[in-house]
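Trainee: Counting from 17, one number per residue, gives the positions in the sequence shown under the working numbering. I am attaching a structure below and will ask some questions about it afterwards.
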Amino acid sequence: MLLLIDETSELCWFTTGSENAAGIMRVAKLYSFSDIRIEDVPVPRVGPGDALLRTTVCGICSGDVMQWYIEKKAPLVIGHEPVGEIVETGENVSSFRRGDRVFVHHHAPCFSCRRCRRGNYVQCETWRRTNLVPGGISEFILIPRINLEHDTIRIPDGMSDEDASLIEPLACVVKAQRRVHLTGGETVLVIGLGAMGQIHILLARRNGAERIVGADLVPYRLRKAKDFGADEVIDVSAENLTTALRELTDGEMADVVIVNPNSVVAMEQGIGATGPGGTVLFFTPAKPDDQLVIHPNDLYFKDISLITSYSCGPDDTREALRIIGEGVVTAEKIITHRFPIERTEDAFRLTAEAKNSLKCAIVFGENG
Numbered sequence: 017m018l019l020l021i022d023e024t025s026e027l028c029w030f031t032t033g034s035e036n037a038a039g040i041m042r043v044a045k046l047y048s049f050s051d052i053r054i055e056d057v058p059v060p061r062v063g064p065g066d067a068l069l070r071t072t073v074c075g076i077c078s079g080d081v082m083q084w085y086i087e088k089k090a091p092l093v094i095g096h097e098p099v100g101e102i103v104e105t106g107e108n109v110s111s112f113r114r115g116d117r118v119f120v121h122h123h124a125p126c127f128s129c130r131r132c133r134r135g136n137y138v139q140c141e142t143w144r145r146t147n148l149v150p151g152g153i154s155e156f157i158l159i160p161r162i163n164l165e166h167d168t169i170r171i172p173d174g175m176s177d178e179d180a181s182l183i184e185p186l187a188c189v190v191k192a193q194r195r196v197h198l199t200g201g202e203t204v205l206v207i208g209l210g211a212m213g214q215i216h217i218l219l220a221r222r223n224g225a226e227r228i229v230g231a232d233l234v235p236y237r238l239r240k241a242k243d244f245g246a247d248e249v250i251d252v253s254a255e256n257l258t259t260a261l262r263e264l265t266d267g268e269m270a271d272v273v274i275v276n277p278n279s280v281v282a283m284e285q286g287i288g289a290t291g292p293g294g295t296v297l298f299f300t301p302a303k304p305d306d307q308l309v310i311h312p313n314d315l316y317f318k319d320i321s322l323i324t325s326y327s328c329g330p331d332d333t334r335e336a337l338r339i340i341g342e343g344v345v346t347a348e349k350i351i352t353h354r355f356p357i358e359r360t361e362d363a364f365r366l367t368a369e370a371k372n373s374l375k376c377a378i379v380f381g382e383n384g
């Protein structure tokens, strides 16, 4: 790829076989849950501390298809799990160079505030303000200086771009399971067996869980959970979750319950499925108007811990890279459908349907 810069213009100019010579790129822009458009926009201009990424793969997250969550940000270029190749760096960049394949996190912390010093990176004000320009499902992405310096990772030569595109979702699971303190020997119940639920199963097994039970209402996802190491599965469309788990565990219930759906009903079921001294983790937020009624003594007298886990930080993304390198979580296992950018809406709808798929990925250029 030959990259030229017109110093009198706000656009970058490219001469390649696939990019428009006028510095225009395609993005997938969401205006509402039912209105996603592929648009032409200018390629971002690189500042002294920034870098420009040519995107090769970007996954679609379950958070991208939570209507209330995504529409409050509209209009926006959707996607936040990009991987690609750096095609330009600013004059002050020394840690990366053109040709590097990288994962880049859409948020990055300052590392100096009180919350960062305590390891609470996702609560850092800088982390919350940072973003990629214009977003993940875009042919080119501007990596701002702080994202480049604080949470961009060079991809090892032996790792595929598709595998690397799982770093961010896996990192969220890494953080969550760190918070529930799996030490080995636990009975773990995973409620909701989409891509994130399946990753929870794979990681819980790696982290020493003795018995893993998956719960969902979609036969395809229940079968996948068994393939990925669940010892038993519960079809909640046909069985009462609490009753079925009690029978499976001889009344002991689960030591750790991971609740993936953004549903207070699932959260209530998760609390009810937690055994004495156990932990229930909410992995996804509830809908804005939902309220969860908790009877404190149900938690108190059983010594149940209620924990949440939101997103991930730089320590989690680096651990995720190591785990992918081990072959525990791979694209072959998790990515079930691949689409070119022109079919982003199809990928979006399939993800939102939450039935016979796990992870959808947008694959760019010659890879698409």
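Note that CB positions come from ideal geometry on N, CA and C, so glycine has one too. All figures in this text were calculated on a predicted structure; none of them were measured in a lab.
1. Would DSSP call Lys303 helix, strand or coil?
2. Taking only three categories from DSSP, how would you classify Ala38?
3. How is Cys132 classed by DSSP in three states: helix, strand or coil?
4. To which residues does DSSP link Cys376 through a beta bridge?
5. Following the continuous beta strand (DSSP E) through Gly100, name the residue where it begins and the one where it ends.
6. Report the CB separation of Gly152 from Pro98 in whole angstroms; it is logged as a contact under 8 Å.
7. Does the beta-carbon of Arg66 have 16 or more other beta-carbons within 10 angstroms, so that it is buried, or is it exposed?
8. DSSP three-state call for Arg170: helix, strand or coil?
9. Pick helix, strand or coil for Ala231, following the three-state DSSP scheme.
10. Can you check whether the CB of Leu315 is closer than 8 Å to the CB of Leu322?
11. If distances are taken between C-alpha atoms only, which option among Pro91, Ser50, Arg117 and Val109 comes closest to Arg70?
12. Taking its Cβ as the centre, do 16 or more other Cβ atoms sit within 10 Å of Phe244, making it buried, or is it exposed?
13. Within its chain, find whatever has a CB closer than 6 Å to the CB of Gly201; leave out the 5 residues flanking it on each side and keep chain order.
14. Would the beta-carbon of His216 fall within 8 Å of that of Val189?
15. Would a C-beta distance cut-off of 8 Å place Glu101 and Thr72 closer than the cut-off?
16. Do Ile274 and Leu261 have their CB atoms nearer than 8 Å?
17. Tell me the rounded alpha-carbon separation between Ala363 and Ala336.
Mentor: So, from the listed chains and residues:
1. coil
2. With a pLDDT of 49 at Ala38, under the threshold of 50, the modelled position of this residue cannot be trusted, and the question is left open.
3. helix
4. His353
5. Pro98 to Thr105
6. 4 Å
7. Checking the sequence shown, residue 66 turns out to be Asp, not Arg. Asp66 comes out buried.
8. strand
9. strand
10. yes
11. Arg117
12. buried
13. Glu226
14. yes
15. yes
16. no
17. 24 Å
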